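Residue numbers (numbering that gives the first Met the number 0), protein chains in the order written: chain C, 0 to 250; chain H, 0 to 292. Beta carbons: idealized from backbone N, C-alpha and C, even for Gly. Just so we're clear, the structure is a prediction, and the values are computed from it rather than from any experiment.
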Amino acid sequence: MLEVCGITQIFGGVTALADVSFRINQGDITGVIGPNGAGKTTLFNIITGIYTQTSGRVLFEEKDISGLPPEKLARLAMVRTFQNIELFGGMTVHENVMVGMQTKSSSGLLACALKMPWSIVEERRIREASLKWLEFTGITDLADVTAGNLPFGKGRLLEIARALAVEPRIILMDEPAAGLNSQETVALAQLIKRIRDLGITVVLVEHDMELVMDICDRIVVLNLGRKLAEGTPREIQDNSDVIAAYLGDDD
Amino acid sequence: MQFDQILQYALSGFSTGAIYALIGIGFSIIYNATGIINFAQGEFVMLGGLLTLTCLDLLQLPLWAAIPCAVAVSTVAGLLFERLAIRPLRQPTPINLVIITIGGSILIRGLAMLLWGKDTHAIPAFSGDDPIAIGGATILPQHLWILAITVVIIAINKFYFYHTISGKAMRACSYNRRAAGLVGIDVRRMVLFSFMISSAMGAVAGIIVAPLTMTAYDVGVMLGLKGFCAAIIGGMSSGIATVVGGLLLGVLESLGAGLISSGYKDAIAFIILLLILFIRPQGLFGKADSERV
């Protein structure tokens, strides 16, 4: 599904990532974990086209997507969410999700400008179709609220709803549980499982170990820019290198 | 002071204000899509008027055909401006972009001077010059044209931004460009589109005002600044606030010119601009921006 081959990223003199490779299987929830500064977010930014790596390749469905900008990736059905949620603050919750569906809109820009009546039909279709995602994430009652006024937890749900509206085959989430209370985190875990049940591959960077161990099918551990380990949650929990990296080594 | 006289000033102020509103919305659309103030906006107003003239005189087109033709050519000019001057910029910091638009405006004005000369030109009024009496005041049919066309354009604009998916995508870019890219919106295309819409609106403003005020290669400077002023009063909104800003400016200017001295006409606009920038930089109706974390 998604393959990271020998990614190296050097910022100035600092090597943020050194020759990191792994493969993400279709339909899995994969967690990328590691201590602070391990390079998790950098890796995410490379995969999703925000940074361009110093060397290495990213393959998505066998296709080399290295260096493609985020809007191209979205059209290839790869989306991401951010640790600090990024919404269209002045638009309503419903409109945010509708904008997520615009890549699926068959009326191009010019067509839209020239054929107003036709695009009304399009707008209505998208307005209705987008309700499904509000429902899926449980924020239907907030549809007409301005996104900028949402509490943080709801904002996160909206960001996920909008990402799903793009109809991705893979969704990457950067610390989805950050800033959520324990109740919201439990709900998030359920939501992520339901996203996988839709057949969407999920990759997440997360610090909340309980969440990661609970929902992930596979885990990749990074430490100091290198891949330390890879395996099922049980394998990772028993891995002595991982324990050493998190808790410190004796020598 | 007689009521009739005030009514007269207010009415003519209204139609000039409508022009300012159209130009101001052009500023806001580009500002919202890109975060830059396009100081070349006034030049598209000038192009609208002068291109109509060319279509009428040189191509011998009737007025109803000359106007869309001039708007289309101005829109293409806006497209080229974005492609050739804005997009190639290596480091698109706001200050660089603003300087580029000022340079672009000087260039366009210079080319216009070479093409059309330094003379002022007249465009015939759309439907005659017979004054219409309203109360004790009179207005020209062209004033009605200006108001009607402005209302229609603003309505189309509003509809586009709020009720079509492509308009929503453009608004999305103005709120959060990063997130817009993330959901698959081609932000650069939206920027191009914003320049096209703005130059078309500017051109329309230039065409409908030309029968009243004449047109020349340098009318864009003052009209552009007045439009900018309207947009500032409206807090750079591309909606009703800028329209109110434009109308307010037009009426105050006209009252000031009539009641105090016509020599102060332009000064009034800039005094208002400065007052707004000092006292309410968020615009007359805007809420103060609060930083979100």
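Check	Outcome
Identity of the residues DSSP links to H/I133 by a beta bridge	H/A136
CB of H/T241 within 9 Å of CB of H/G23, strictly	yes
Residue burial classification, H/M200 (beta-carbon count within 10 angstroms, cutoff 16)	buried
When H/V220, H/L52, H/W115, H/I145 are compared against H/S295, the one with the closest alpha-carbon	Since the displayed chain H opens at 0 and closes at 292, residue 295 of chain H lies outside it and no answer follows.
Within chain C, partners of H/R86 - CB distance below 8 Å	Correct list: empty, because the minimum Cβ distance to chain C is about 14 Å.
For C/V241 and C/L221, believed in contact at Cβ under 8 Å, the rounded distance	That belief does not hold up - the Cβ atoms of C/L221 and C/V241 are roughly 10 Å apart, past 8 Å.
Within chain C, partners of H/R170 - CB distance below 9 Å	F87, G89, M90, E94, V98
Residue environment, H/N31, which counts as buried when at least 16 other CB atoms sit within 10 Å	buried
CB contact check: H/L273 to chain C, cutoff 9 Å	no
Cut-off 6 Å between Cβ atoms - residues of its own chain near C/V219, not counting five sequence neighbours on either side	F21, V31, E229
Cutoff 9 Å: C/T102 Cβ touching any chain H Cβ	yes
Nearest to C/A128 (by Cα), restricted to the options C/V165, C/I159, C/D143	C/V165
Contact set between C/A73 and chain H, taken where Cβ atoms lie within less than 9 Å	G180, L181, V182, G183, I184
Continuous beta strand (DSSP E) stretch holding C/D18: start and end	13–23
Interface flag, C/A164 vs chain H, CB-CB below 9 Å	yes
Burial state of C/S167 (16 or more Cβ within 10 Å)	Per the sequence shown, the amino acid found at residue 167 of chain C is Pro instead of Ser. So C/P167 ends up on the buried side.
Beta-carbon gap between H/I66 and H/I206 smaller than 9 Å	yes
Start-end ranges of the beta strand (DSSP E) lying completely within the segment 188–245 of chain C, minimum 3 residues	200–204, 217–222, 225–230
Reference H/L222, options H/A204, H/A178, H/Q7, closest by Cα	H/A204
Beta-carbon proximity of C/T29 to C/T136, cut-off 9 Å	no
Assigned secondary structure, C/S106 (DSSP; H/G/I helix, E/B strand, else coil)	Confidence is the limiting factor: at C/S106 the pLDDT is only 48, short of 50, which leaves the residue's position unreliable, though a coordinate-based value still follows. The answer is coil: DSSP assigns C/S106 none of H, G, I, E or B.
Neighbour flag for H/Y174 against chain C, beta carbons, 9 Å	yes
Reference C/Q82; option with closest CA among C/L149, C/V98, C/P175, C/I9	C/P175
Helix, strand or coil at C/E70 [DSSP, three-state]	helix
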